[in-house]
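These notes are about the structure you will find just below.
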Amino acid sequence: MTIAPDRRSIKVETRKVICPHDCPDTCCMSVTVEDGRVTKVTGDDSHPFTQGFLCVKTNYYLERLYSPQRIKYPMRRVGPKGSGQFERISWDEATRLIADRFKTIIAEDGAEAILPYSYAGTMGLLSYASMDRRFFNYMGASQLDRTICSTAGKEGYNFTMGGSFGTDPESIVNAKLIIAWGTNPVSTNVHLMPFINEAKKRGARLVTVDPHKSKTADQSDLYIQPYPGTDAALALGMMQVIIAENLHDREFIKSDTLGFDLLAERAKEYPPERVEQITGVPAQQIREFARLYATIKPSFIRLSYGLNRHTNGGMMVRTVSCLPALVGAWSQVGGGALLSTGGAFPLNRAALEKPQFLSRHSRFPRTINMIKLGEALLDYKEPPVKALFVYNSNPAVVAPNSRKVIAGLEREDLFCVVHEQVMTDTARYADIVLPAPTTFECLDLYAAYGHLYVQLSQPVIPPLGEVLANTEVFRRLAGAMGYADPSFEDSDEDLVRQALSGNHPSLAGITYERLQKDTFARLNLPQPYNPFEGGKYPTPSGKIEFYSEKMLRAGFDPLPVHNPSAESADGSPELFEKYPLRLVTPAAHHFLNSSFAEMPTMLRKQQRPYLELNEVDARERSIRQGQWVRAWNERGEAYFVADIKDSVGAGVACHLSLWWQRYSPLGWNCNTLTSDAEADMGGGATFHTNLVQVELAALSLPPEKMAGLENLYPLSEEVRLG
Ligand SMILES: Nc1nc2c(c(=O)[nH]1)N[C@H]1C(S)=C(S)[C@@H](COP(=O)(O)OP(=O)(O)OC[C@H]3O[C@@H](n4cnc5c(=O)[nH]c(N)nc54)[C@H](O)[C@@H]3O)O[C@H]1N2
Ligand SMILES: Nc1nc2c(c(=O)[nH]1)N[C@H]1C(S)=C(S)[C@@H](COP(=O)(O)OP(=O)(O)OC[C@H]3O[C@@H](n4cnc5c(=O)[nH]c(N)nc54)[C@H](O)[C@@H]3O)O[C@H]1N2
Ligand SMILES: [Mo]
Numbered sequence: 028m029t030i031a032p033d034r035r036s037i038k039v040e041t042r043k044v045i046c047p048h049d050c051p052d053t054c055c056m057s058v059t060v061e062d063g064r065v066t067k068v069t070g071d072d073s074h075p076f077t078q079g080f081l082c083v084k085t086n087y088y089l090e091r092l093y094s095p096q097r098i099k100y101p102m103r104r105v106g107p108k109g110s111g112q113f114e115r116i117s118w119d120e121a122t123r124l125i126a127d128r129f130k131t132i133i134a135e136d137g138a139e140a141i142l143p144y145s146y147a148g149t150m151g152l153l154s155y156a157s158m159d160r161r162f163f164n165y166m167g168a169s170q171l172d173r174t175i176c177s178t179a180g181k182e183g184y185n186f187t188m189g190g191s192f193g194t195d196p197e198s199i200v201n202a203k204l205i206i207a208w209g210t211n212p213v214s215t216n217v218h219l220m221p222f223i224n225e226a227k228k229r230g231a232r233l234v235t236v237d238p239h240k241s242k243t244a245d246q247s248d249l250y251i252q253p254y255p256g257t258d259a260a261l262a263l264g265m266m267q268v269i270i271a272e273n274l275h276d277r278e279f280i281k282s283d284t285l286g287f288d289l290l291a292e293r294a295k296e297y298p299p300e301r302v303e304q305i306t307g308v309p310a311q312q313i314r315e316f317a318r319l320y321a322t323i324k325p326s327f328i329r330l331s332y333g334l335n336r337h338t339n340g341g342m343m344v345r346t347v348s349c350l351p352a353l354v355g356a357w358s359q360v361g362g363g364a365l366l367s368t369g370g371a372f373p374l375n376r377a378a379l380e381k382p383q384f385l386s387r388h389s390r391f392p393r394t395i396n397m398i399k400l401g402e403a404l405l406d407y408k409e410p411p412v413k414a415l416f417v418y419n420s421n422p423a424v425v426a427p428n429s430r431k432v433i434a435g436l437e438r439e440d441l442f443c444v445v446h447e448q449v450m451t452d453t454a455r456y457a458d459i460v461l462p463a464p465t466t467f468e469c470l471d472l473y474a475a476y477g478h479l480y481v482q483l484s485q486p487v488i489p490p491l492g493e494v495l496a497n498t499e500v501f502r503r504l505a506g507a508m509g510y511a512d513p514s515f516e517d518s519d520e521d522l523v524r525q526a527l528s529g530n531h532p533s534l535a536g537i538t539y540e541r542l543q544k545d546t547f548a549r550l551n552l553p554q555p556y557n558p559f560e561g562g563k564y565p566t567p568s569g570k571i572e573f574y575s576e577k578m579l580r581a582g583f584d585p586l587p588v589h590n591p592s593a594e595s596a597d598g599s600p601e602l603f604e605k606y607p608l609r610l611v612t613p614a615a616h617h618f619l620n621s622s623f624a625e626m627p628t629m630l631r632k633q634q635r636p637y638l639e640l641n642e643v644d645a646r647e648r649s650i651r652q653g654q655w656v657r658a659w660n661e662r663g664e665a666y667f668v669a670d671i672k673d674s675v676g677a678g679v680a681c682h683l684s685l686w687w688q689r690y691s692p693l694g695w696n697c698n699t700l701t702s703d704a705e706a707d708m709g710g711g712a713t714f715h716t717n718l719v720q721v722e723l724a725a726l727s728l729p730p731e732k733m734a735g736l737e738n739l740y741p742l743s744e745e746v747r748l749g
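Counting in my numbering, the sequence shown runs from 28 upward without gaps.
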């Protein structure tokens, strides 16, 4: 092989970097770096979960890393709010402007008038929650309740099982029945697919339970299509059949569970004929599914967060997670269920976040639920929110009920700081924009919620422009605010060591030095790992709780139950008359929430903001394939391209999210329609509980606006970058 002469001096290295995005897979990426520039990104083939491949989004990471949309310097707003007009300033000036404004607000209204807003734009522990939490805890700012994704399901699962862990995902190759229940791993957890496919090769059957015929449903042997928000009824119907036909595992129930007799009584209320009325799933199919589930062993249920995004989401997850115990699935390798592996990581988060700083204040600062951002900004509670500091999140796009959110961001008297990698819809509303690094440019430590490896990501290129990591931003701000605590001087390396401290046996030997060398290490857990080994469950009774006293005390039904969701035919008949379609808005294949949704290639692949409609509903409204439609409810309206197919049942609509507002027709995405109502548990988000009405867009839009829509896609370069 000959090397071109001008390339001979170029230094080429292969390094490893962790994918930081909010996804169960937390991949180890193999990165080629040539002369300080990343030239290639692939999946690391030595990593047992990444297995040498990446998802469609991260395969194109170079386009995002070196995008003209990257923010590289601090900037100050010079035009009207939301106009995106900024001028470059120095970090010193940006830090001073922020600190001065914060000091004024604290003097006039108190620190609670300052609201941090962050989520998991990066899951790196340092960037997600360390210096930032120290800073806002020390300040006494309003606390943010981070509910937007998983809190309802987590609480529901915990009532049954006692902790956020479950079946070792690597062990599911042994399962003979795998159920993707309210999750779409082909799109959202694609590194689970090799394990599912290996199980299939060994004879396993794959079942998907989902109101939307997802990419995973397409690959399944059996597809069950309940109405959104009705899975508790479906699971109870299965329980009724299993118990009535004596297919339950008496021995396991006796040794490992609590409350079976009460559950059996409850299940009697859910014969398949009644459940068919609630779920739309034929009674015969419920019977067959129940028999399949009770007789094929081991069986594994992959739960994730689709089910939990409903006003009854906590109870649905709680109920479905009772099924494995009924058939004794936990006692076989590869059997059981998995919502999240997150609880298996004993990282020392308190050392990172310093919650003890809160005791500096005369009382615990108020807490604001992040899904109520619009309300928090618009309702002038005492004290009103005067400053918003956004990082690791893009609320203008991702938060529900976005008309309210945008109206809040438009407030002239709101001081808004956004620390971002790219010029998001939210960043355009900022008074001060700060540049953030990508995973290629900073150090961070990772746990995961879909596997059991701790990972260290080390920078592989120098930071672009003047980007600064979240930790450094808050270090500097603490300095500018005069916060004297020495912990504000901890380096990123100190923080990694603190996160790994605490002498927990599953972290023994997993040191900073080892991770620097090896990048990843499996937690010290047996392989396969059964978190409930020996029939020990971290519930109050020490058993799997079919009946939960704790729930009763918290005001819930102590037994599994179907509660109609807040926006549904049964839950809100009057609303249903006006808005008869149940809209779900799950994850798009080519976007990750709002991340990657600015990339020309991903936008091209996702094509258009489609609304999937059933033929029956389309015909009723004289809507034909590919026509522009308007969907609306009391919260707002949004425009979509009709995609008419059997992917949804009659009465259900589906839009795969999330398109940015500015790439959406007339500037509004699906979250103008979604509800900011809280789920039954954990204050969780309810992105899949929405009623809407749909009509042809031409009925309400004048011809010139219609022409604008027709010309919108594919987006021109100017629209994409402007
Ligand atoms: N490509 C891609 N991957 C992602 C993400 C992304 O946006 N894009 N997001 C990441 C994040 S932050 C998360 S939390 C996870 C989320 O990933 P998932 O947990 O898979 O969550 P969703 O995409 O919200 O919903 C999954 C499925 O649940 C279905 N569903 C909705 N309501 C119901 C119901 O009532 N019953 C049943 N049975 N099913 C229902 C939806 O139709 C959808 O197909 O994925 C992560 N991975
Ligand atoms: N309709 C509807 N809405 C939804 C959902 C849905 O299913 N339907 N899903 C919901 C779910 S599950 C979630 S988790 C939320 C997610 O919502 P968000 O947490 O807002 O997630 P992203 O859209 O990925 O945006 C994260 C932002 O963080 C930025 N970022 C990345 N790394 C860094 C960093 O190191 N520093 C700083 N300062 N910024 C960084 C990225 O550039 C990106 O713009 O969205 C929710 N919204
Ligand atoms: Mo999420």
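Ideal Cβ placement from N, Cα and C applies to all residues, glycine included.
Just so we're clear, the structure is a prediction, and the values are computed from it rather than from any experiment.
Considering Cα atoms alone, identify which of the options is closest to residue i.
i	options	result
proline 553	Thr194, Leu89, Gly435, Lys227	Thr194
proline 411	Val721, Ile132, Pro107	Ile132
asparagine 375	Asp521, Ser326, Phe416, Gly663	Asp521
valine 217	Lys242, Asn201, Gly209	Lys242
glycine 362	Leu334, Leu350, Phe327	Phe327
threonine 566	Ile459, Leu350, Ala614, Glu182	Glu182
alanine 168	Asp519, Leu89, Pro392, Gln312	Pro392
leucine 366	Leu330, Lys381, Phe618	Leu330
tyrosine 476	Tyr574, Glu303, Leu550	Leu550
Between residue i and residue j, how many whole angstroms is the CB-CB distance? I'm expecting something under 8 Å.
i	j	result
alanine 752	alanine 414	Absent from the model: residue 752. The displayed extent of the chain is 28 to 749, so no value can be given.
cysteine 55	phenylalanine 372	Contact doesn't hold; Cβ gap of about 16 Å is too wide.
asparagine 696	valine 444	Actually they are not in contact, since the Cβ atoms of asparagine 696 and valine 444 sit about 23 Å apart, beyond 8 Å.
valine 44	serine 484	5 Å
histidine 531	threonine 368	15 Å between Cβ atoms; not a contact.
phenylalanine 442	arginine 128	5 Å
asparagine 717	threonine 701	5 Å
valine 706	asparagine 335	In the sequence under discussion, the amino acid at residue 706 is alanine, which differs from the valine named in the question. Yes, alanine 706 and asparagine 335 are in contact; Cβ-Cβ is about 7 Å, under 8 Å.
proline 587	arginine 293	7 Å
May I ask you to check if the CB of residue i is nearer than 6 Å to at least one heavy atom of ligand 3?
i	result
aspartate 49	yes
cysteine 469	no
cysteine 82	no
cysteine 697	no
cysteine 46	no
cysteine 176	yes
Which one or two residues does DSSP pair with residue i in a beta bridge?
i	result
arginine 646	Paired residues: none, contrary to the question.
isoleucine 45	Cys55
aspartate 471	Ser484
proline 143	Phe416
valine 719	Leu608
aspartate 670	Glu639
lysine 67	Thr59
methionine 102	Arg115, Val460
aspartate 284	Correcting the residue type first, residue 284 is threonine in the shown sequence and not aspartate. DSSP, once it has assigned bridges, lists Ile571 as partnering threonine 284.
glutamate 40	Val60
valine 684	The sequence given here places serine at residue 684; valine does not occur at that position. DSSP lists Ala614 as partners of serine 684.
Tell me whether residue i counts as near ligand 4, meaning its Cβ is closer than 6 Å to at least one heavy atom of that ligand.
i	result
isoleucine 116	This structure lacks ligand 4; the ligands present are ligand 1, ligand 2 and ligand 3.
Given the structure, does residue i come close to ligand 1, in the sense that its CB is under 6 Å from one of the ligand's heavy atoms?
i	result
alanine 496	no
glycine 362	no
tyrosine 332	yes
aspartate 703	no
alanine 260	no
Verify the contact flag: residue i, CB atom, against every heavy atom of ligand 2, threshold strictly below 6 Å.
i	result
threonine 338	no
valine 425	yes
phenylalanine 714	yes
alanine 147	yes
alanine 463	yes
tyrosine 184	no
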